[in-house]
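First residue of the sequence shown? That's 14 in our numbering, and the numbers climb one at a time after it.
Positions of the beta carbon are idealized from the N, C-alpha and C atoms, including for glycine.
These figures come from a predicted structure and were not determined experimentally.
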Amino acid sequence: MKKVAVIGAGLCGATAAAELTRQGYQVTVFDKGRGAGGRMSSKRTDQGYLDMGAQYFTARSQEFKRQVNSWLEAGLVELWPCTTALLSDEDGVSSLQISADQQARYIGVPSMQSPVKDLVQSIPQFTGCRIEQLSYRQQSWTLVCEQGLSYAGFDAVVVTLPPVQAQRLMAQSALPELMGSSAQLLEPCWAVAMHTRAIPSEDAIFCQHPKLRFISHQQHKKGRLPCYILHFNAEFSALHLQEPAEFWFAEASAILRQQLNIQDDITAVVAHRWLYASQNDQLSAPGLIDLPEQRLWVAGDWSFGGRVENAYLAGLKLAQAVIEQS
Ligand SMILES: Cc1cc2nc3c(=O)[nH]c(=O)nc-3n(C[C@H](O)[C@H](O)[C@H](O)COP(=O)(O)OP(=O)(O)OC[C@H]3O[C@@H](n4cnc5c(N)ncnc54)[C@H](O)[C@@H]3O)c2cc1C
């Protein structure tokens, strides 16, 4: 088995693709987005990037620490010299306290997706290519994209989409329902960027708040527009999922004024809705999901608990599974 299709060019798919290529497989990557990055994508503006998805990542496992060190050496990531704080809001009484810790936090430079792009830079990629159907005949997979084009002759398929999107792809392909309750693992998040001249003394604010889960400021991130980015929590985002950007700008502005005490003018920059953002910790992670006879594997960050590091580890495990089945 030599030809492998990797669907999804987030960190998980990019890692699997890079590892399989390294092991001599002929890999092609497909992504519906404009380039590799997935939920690590930063939005490009004329004055710098906005990290609307992952804000930073940590490295705890030896495998990921090794990878992060090689990205550090290559200048693709840097330590984020942030000051952490906790915003708590209990019964309408809010407080903001510096909460220093020893955790190393990393960012991609000049954008979060820089290390992801690097992993797949020499691998054939079809971007702007949403895969809508898979078919398996005579031990060979064919992929069909939304424009109706077919890509045939793959010995194995690796699916690295958020679980609801993976479930939809399997259903459209009349493949067995493999996802089960894992389809519910990822929850939504509205992310809102706001600009103000005020420069805060804390730039990574964890929130125990009825509406928010995280506020960051990009002042110490190389290549970024110095903005606040507010991530609304899953409950509040789900409750107001269909609200327009104006609703979110008004919410973000009120929070910056009332809870961070900002007096300067506040300008709305961009609001982005992630339907599938981060893991619901109440549900257990399923590990790799597969159809071994047909050589199809499904995984993502959600397979091992969410977050950037688990997307990387899932990518390595996918590559290993393909190699073992060869
Ligand atoms: C708002 C937000 C904040 C976050 N904050 C953090 C954080 O601070 N720290 C941290 O560690 N993690 C954070 N995360 C989580 C982190 O971004 C993810 O864990 C990681 O990026 C997931 O990588 P992945 O490759 O598994 O999935 P994804 O990045 O989602 O990749 C899946 C890819 O599949 C593509 N795709 C989907 N459907 C199709 C299709 N039919 N055909 C082709 N392509 C398709 C998508 O375009 C996407 O590129 C955050 C995520 C969000 C959204």
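Cut-off 8 Å between Cβ atoms - residues of its own chain near residue i, not counting five sequence neighbours on either side
i	result
His-233	Trp-93, Pro-94, Cys-95 and Asp-216
Cys-158	Phe-43, Phe-139, Cys-142, Arg-143, Ile-144, Glu-145 and Tyr-164
Glu-200	Ala-247, Ser-250, Ala-251, Tyr-289, Ala-290, Ser-291, Gln-292 and Asn-293
Lys-224	Phe-245, Asn-246, Phe-249, Glu-264 and Ile-268
Ser-55	Tyr-62, Leu-63, Asp-64, Met-65, Gly-66, Gly-121, Ser-124, Met-125, Gln-126 and Arg-237
Leu-89	Gly-121, Val-122, Ser-127, Pro-128 and Asp-131
Gln-338	Met-14, Ala-169, Pro-305 and Arg-308
Arg-47	Thr-140 and Gly-141
Lys-78	Ala-72
Classification of residue i by the beta-carbon crowding that lies within 10 angstroms, buried from 16 upward
i	result
Ser-163	exposed
Val-205	buried
Gly-121	buried
Val-106	exposed
Gly-21	buried
Asn-323	buried
Pro-137	exposed
Ile-218	buried
Glu-32	buried
Gln-80	buried
Arg-73	exposed
Ser-316	buried
Leu-273	buried
Ser-108	exposed
Pro-176	buried
Three-state secondary structure (DSSP) of residue i
i	result
Lys-16	strand
Trp-261	helix
Arg-73	coil
Leu-132	helix
Cys-25	helix
Asn-88	The question names Asn, yet the displayed sequence has Gly at residue 88. Three-state result, Gly-88: coil.
Gly-166	strand
Arg-52	helix
Pro-201	strand
Asp-277	coil
Gly-193	helix
Thr-34	helix
Glu-79	In the sequence as presented, Glu is not what sits at residue 79; that position holds Arg. Arg-79 falls in the helix class under three-state DSSP.
Asp-44	coil
Leu-147	strand
Glu-306	helix
Ser-101	strand
Ala-290	strand
Arg-210	coil
Ala-267	helix
Gln-272	helix
Residues near residue i by beta carbon distance below 6 Å, same chain, minus five either side
i	result
Gln-221	Ser-101
Thr-155	Ser-148, Ser-163 and Ala-165
Leu-296	Leu-198
Ala-211	Ile-275 and Asp-277
Thr-280	His-208
Gly-319	Ser-291 and Gln-292
Pro-213	His-230
Val-311	Val-172, Ala-179 and Ile-302
Thr-58	Leu-238
Pro-189	none
Trp-261	Trp-203, Val-205 and Ala-284
Endpoints, alpha helix (DSSP H) assigned at residue i
i	result
Leu-252	247-252
Gly-121	Counting along the chain, Gly-121 falls outside any alpha helix (DSSP H), though it belongs to the beta strand (DSSP E) covering 119-121.
Leu-331	321-338
Leu-182	176-185
Residue i - containing beta strand (DSSP E), residue span
i	result
Ala-169	169-172
Leu-63	61-63
Gln-255	Counting along the chain, Gln-255 falls outside any beta strand (DSSP E), and DSSP gives it neither H nor E.
Arg-226	225-230
Ser-153	153-158
Leu-109	106-111
Cys-220	217-221
7 Å Cβ shell around residue i - same chain, five flanking residues per side excluded
i	result
Gln-307	Tyr-149
Ile-336	Gln-36
Val-110	Reading off the sequence shown, one finds Gln at residue 110, where the question assumed Val. Excluding positions up to five away in sequence, the list reads Ala-98 and Leu-99.
When the options are compared against residue i, the one with the closest alpha-carbon
i	options	result
Val-40	Ser-124, Asp-64 and Lys-15	Lys-15
Ser-194	Asp-114, Pro-257 and Ala-298	Ala-298
Trp-203	Cys-240, Gln-151, Arg-226 and His-285	His-285
Val-171	Tyr-325, Val-321 and Asp-303	Asp-303
Phe-70	Met-53, Lys-45, His-253 and Ala-332	Met-53
Gly-328	Pro-189, Leu-174, Leu-254 and Arg-118	Leu-174
Gly-51	Ala-29, Tyr-119 and Leu-24	Leu-24
Val-321	His-253, Ala-27 and Ala-18	Ala-27
heavy atom of ligand 2 below 8 Å from residue i C-beta
i	result
Lys-45	In terms of ligand content, the structure shown lacks ligand 2 and carries ligand 1 instead.
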